[in-house]
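J.: Take this structure, written in structure tokens, and hold onto it; I'll ask about it next.
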Amino acid sequence: MSETVRLTLVSHAMTDAMAAGRFPRDEPLNALGRRQVAAAADPSRTVGSADPSRTDAAVCAPELRARQTAELLGFPADTEPLLADLNCGAWRGRDLNGLDPAELMGWLTDPSVAPHGGESVVHLIERVRGWLGALGPRHGRLVAVTHPGVIRAAIVVALDAPPKSFWRIDVGPVSRTVMHLRGGSWTLRCAA
Numbered sequence: 001m002s003e004t005v006r007l008t009l010v011s012h013a014m015t016d017a018m019a020a021g022r023f024p025r026d027e028p029l030n031a032l033g034r035r036q037v038a039a040a041a042d043p044s045r046t047v048g049s050a051d052p053s054r055t056d057a058a059v060c061a062p063e064l065r066a067r068q069t070a071e072l073l074g075f076p077a078d079t080e081p082l083l084a085d086l087n088c089g090a091w092r093g094r095d096l097n098g099l100d101p102a103e104l105m106g107w108l109t110d111p112s113v114a115p116h117g118g119e120s121v122v123h124l125i126e127r128v129r130g131w132l133g134a135l136g137p138r139h140g141r142l143v144a145v146t147h148p149g150v151i152r153a154a155i156v157v158a159l160d161a162p163p164k165s166f167w168r169i170d171v172g173p174v175s176r177t178v179m180h181l182r183g184g185s186w187t188l189r190c191a192a
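Residues in the sequence shown are numbered consecutively from 1, following the numbering used here.
Okay, here's the thing in structure tokens:
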């Protein structure tokens, strides 16, 4: 069975909000994030690598941190609104410690709720499922620079896992997750 799409999902690099444990606004990479991208762009790095010269197309989330990561990695990427970060509504810019603990716990344990007035995890997963479904007619190597939440959602879709497993997936800054579309089904490639 031939491969239709090789999708490499790249998580954006570190920002001040990530370092401080805040829900992000549209913010740039911080100094650590720029160093992370420089290290990830090292040609000697081969595990899960995404080489711009061997990529047929690249897209990125519309937020500044994703666009900067794509640019610094050498991917001239078009923005894709469906790759936008999980909308945290009224929690944007807020520290985790400043939230109502019951609301936060509800959000972390029930993927269908959005106490912040933004988007639920279930809605994010469905948005990402739609984007992945639209890739079916494509062929070749695609790189998507996006957010940890979007990558978690893509993994949940690929594995046909329940939405409650979303928070059990850890996606680090500038990490690469490789998925293949073969015969109408996504597979996930784990790299050591």
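Every residue gets a Cβ at the ideal spot worked out from N, C-alpha and C, and that includes glycine.
Looking at the structure shown, is methionine 14 part of a helix, part of a strand, or coil, going by DSSP?
T.: Coil.
J.: Is arginine 141 closer than 8 Å to threonine 55 when the C-beta atoms are compared?
T.: Yes, the pair counts as a contact, with Cβ atoms nearer than the cut-off.
J.: For valine 156, collect the residues of the same chain with a Cβ closer than 7 Å to its Cβ; drop the 5 residues on either side in sequence, then sort them by chain order.
T.: Counting only Cβ-Cβ distances below 7 Å, and skipping sequence neighbours, we find Ile125, Pro163, Ser165 and Phe166.
J.: Let me know the secondary structure DSSP gives threonine 146 once reduced to three states.
T.: Threonine 146: strand per DSSP, three-state reduction.
J.: Note down, in chain order, each residue of its chain lying with its Cβ closer than 6 Å to the Cβ of glycine 117, except the 5 sequence neighbours on either side.
T.: Correct list, in chain order: Gly89 and Ala90.
J.: Does leucine 7 pass the burial test, meaning 16 or more other C-beta atoms within 10 Å, or should it be called exposed?
T.: So leucine 7 ends up on the buried side.
J.: In whole angstroms, what separates the C-alpha of leucine 159 from that of leucine 188?
T.: One C-alpha to the other measures close to 8 Å.
J.: Please confirm if the stretch 57-67 is in contact with the stretch 81-88, defined as three or more CB-CB distances below 8 Å between the two stretches.
T.: The stretch 57-67, when compared against the stretch 81-88, does touch it at the 8 Å Cβ threshold.
J.: When the Cα atoms are used, what is the spatial distance from glutamine 36 to glutamate 71?
T.: Between glutamine 36 and glutamate 71, the C-alpha separation is close to 13 Å.
J.: Along the chain, which unbroken stretches of the alpha helix (DSSP H) at least 4 residues long are found entirely within the stretch 58-125?
T.: DSSP runs (the alpha helix (DSSP H)) wholly in the stretch 58-125: 64-73 and 101-109.
J.: Helix, strand or coil for valine 171? Go by DSSP, reduced to three states.
T.: Here valine 171 sits in coil by DSSP.
J.: Does DSSP put glycine 140 in a helix, in a strand, or in coil?
T.: Reduced to three states, the DSSP call for glycine 140 is strand.
J.: From histidine 139 to aspartate 100, what does the alpha carbon distance come to, in whole angstroms?
T.: Going from the Cα of histidine 139 to the Cα of aspartate 100 covers about 46 Å.
J.: Keeping to the same chain, check which residues put their C-beta closer than 7 Å to that of glutamate 27; ignore five residues upstream and five downstream.
T.: Once the five neighbours on either side are set aside, the close Cβ partners of glutamate 27 are Thr15, Asp16, Ala17, Leu64 and Arg65.
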